Amino acid sequence: MKRRRKDTPRRKRRGAGENASLGHLLTFFLLAILINAGLMTSSSYMLLLRTGVMQPLMRFALWPLLLVLLCILFAVLLAAGFGGRQLRPIHRVNDAMKKVSQGDFSIRLNEEDSVGEIRELITSYNHMAEELSSIELFRTDFINNFSHEFKTPIVSIRGFAKQLERDDLSEEQRKEYTRIIVTESERLANMSANVLLLTKLENQQIVTNKRRYSLDEQLRNCILLMEKQWSDKELDLRLDLDELSYVGDEEMMSHIWVNLINNAIKFSPQGGVLEVGCMQVQSFIVVHVTDHGEGMDAGTQARIFEKFYQGDSAHATEGNGLGLSLAKRIVDLCGGKIAVDSAPGQGTTFSVYLPVEEEG
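Following the working numbering, the numbering of the sequence shown begins with 13 at its first residue and continues without gaps.
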């Protein structure tokens with residue numbers, strides 16, 4: 013639960029000040045009308061008096077009222093013109109908001125044309141439109157990736173299942189097609205399990221089932237669990253694991269290490285190096301997993317923790333883009349943080365920072 017900021021009264025005072033400033037602007041317009049009317053009436057009276065036109069006008073008892081009305085009308089037109097110029101940016105914001113309500117988040121307004129509260133309003137609108145545009149892009153990418161990740165194994169299973177109906181298949185072909193169906197079924201099952209787990213974690217606010225356990229031993233077990241993967245790639249394992257104990261949900265934490273190590277193996281070159289280390293730095297336990305693969309550019313790093321996002325747009329490598337989302341959510345629940353350090357051609361390092369807790 014987020015704490016409320018202590019400067020709430022200040023923000024309230026600022027909001028009241030903004031409303032007061034707009035009220036002052038309207039008051040200024042009204043005063044401008046009255047002052048202009050008074051000045052123009054006085055000037056007209058003096059002009060008529062000096063030119064001698066006043067004497068004939070004295071015959072009409074309503075001439076002062078007519079003169080005042082004419083001056084007020086002129087002052088109103090003058091103030092309306094000035095006010096219209098000042099309020100024109102608000103009309104632009106109003107028009108832009110109508111387009112936003114219709115789903116067009118591409119409209120941006122020029123902030124340089126306005127000052128004061130109007131400029132702040134335009135700045136806030138531009139920020140809102142930018143955020144909505146980002147959310148819409150994320151939603152579209154999520155739907156596309158979700159559809160692709162679920163559709164691909166289903167299509168594969170259906171295609172090879174139809175092939176198994178053929179009578180002219182050799183025993184080797186039948187076994188190969190069966191193996192592919194089993195593999196794709198497991199991939200689909202794992203994906204469904206990850207979606208359910210991520211949904212559960214997103215609705216979870218606290219970590220339960222905490223106990224003290226050996227973190228370095230857990231990392232070794234996770235590495236052994238994936239022995240086949242790193243053995244097939246002939247990776248050189250370099251472990252630097254300090255003896256550390258951690259208070260947390262052991263099963264939940266294992267998802268972090270399995271996903272990070274699996275990613276490192278997947279993107280490591282044949283015969284490459286895989287580094288895993290853990291240590292305590294002040295009040296944090298730091299775990300890092302490093303591969304020496306192709307690395308990632310800045311754009312990929314910015315989105316790497318999004319659901320179903322994969323830096324490999326062709327989806328040529330195994331995975332469904334949920335592992336890092338799961339890892340980040342678990343780290344967030346633990347009050348820690350996860351960071352990525354990477355560059356094209358220089359490999360990737362994921363670092364997890366976990367606050368040291370005492371067993372409750």
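The beta carbon of each residue, even a glycine, is placed where N, CA and C say it ideally should be. Quantities reported herein were computed from a predicted structural model and do not represent experimental measurements.
Note down, one range per segment and in chain order, each beta strand (DSSP E) of at least 3 residues found wholly within the region 219-272. 223-226, 248-253, 257-260
Lys18: buried (16+ other C-beta within 10 angstroms of its C-beta) or exposed? Reliability fails at Lys18, whose pLDDT of 41 lies under 50, so the model's placement of it is uncertain and the value that follows must be treated cautiously. Lys18 is exposed by the Cβ-count criterion.
Between Phe317 and the rest of its own chain, which residues show a CB-CB distance below 7 Å, the 5 nearest in sequence each way excluded? Leu336, Ser337, Lys340
Straight-line CA distance for Leu208 to Leu345? 17 Å
Ends of the beta strand (DSSP E) at Ser354? 349-354
Proximal residues to Asn138 (C-beta, below 8 Å), its chain only, five neighbours per side dropped: Counting only Cβ-Cβ distances below 8 Å, and skipping sequence neighbours, we find Arg120, Leu121, Glu123.
According to DSSP, is Asp344 helix, strand or coil? Residue state, collapsed to three classes: helix.
Give every residue of the same chain whose Cβ lies closer than 6 Å to the Cβ of His300, excluding the five residues on either side of it in the sequence, and list them in chain order. Gly289, Thr361, Ser363
Three-state secondary structure (DSSP) at Gln313? helix
Separation of Ser113 from Leu253, as counted between CA atoms: 54 Å
Quick one: give me the first and last residue of the beta strand (DSSP E) that Asp303 is part of. Per DSSP, the unbroken beta strand (DSSP E) holding Asp303 starts and ends at 296-303.
Distance, Cα to Cα, Leu272 vs Ala141? 35 Å
Cα separation between His304 and Val285? 6 Å
Residues near Gly115 by beta carbon distance below 6 Å, same chain, minus five either side: Listed in chain order, the non-local C-beta contacts of Gly115 below 6 Å within the same chain number zero, local neighbours out to five positions each way being set aside.
Cβ-based burial, Asp248 [other Cβ within 10 Å; buried from 16]: exposed
Quick check on Tyr189: does DSSP put it in helix, strand or coil? helix
Assuming Gly289 is part of the beta strand (DSSP E), what are its boundary residues? 285-293
For the beta strand (DSSP E) that contains Ser363, what are its first and last residues? 360-367
Any idea what DSSP makes of Phe117, helix, strand or coil? coil
When Ser197, Asn275, Glu143, Met264 are compared against Gln241, the one with the closest alpha-carbon: Asn275
Proximity winner among Ser266, Val368, Arg315, relative to Ala351 (alpha-carbon distances): When only C-alpha atoms are compared, the closest one is Arg315.
Got a sec? Which residues, its chain only, sit under 6 Å from Asn233 by beta carbon, not counting five neighbours each side? none
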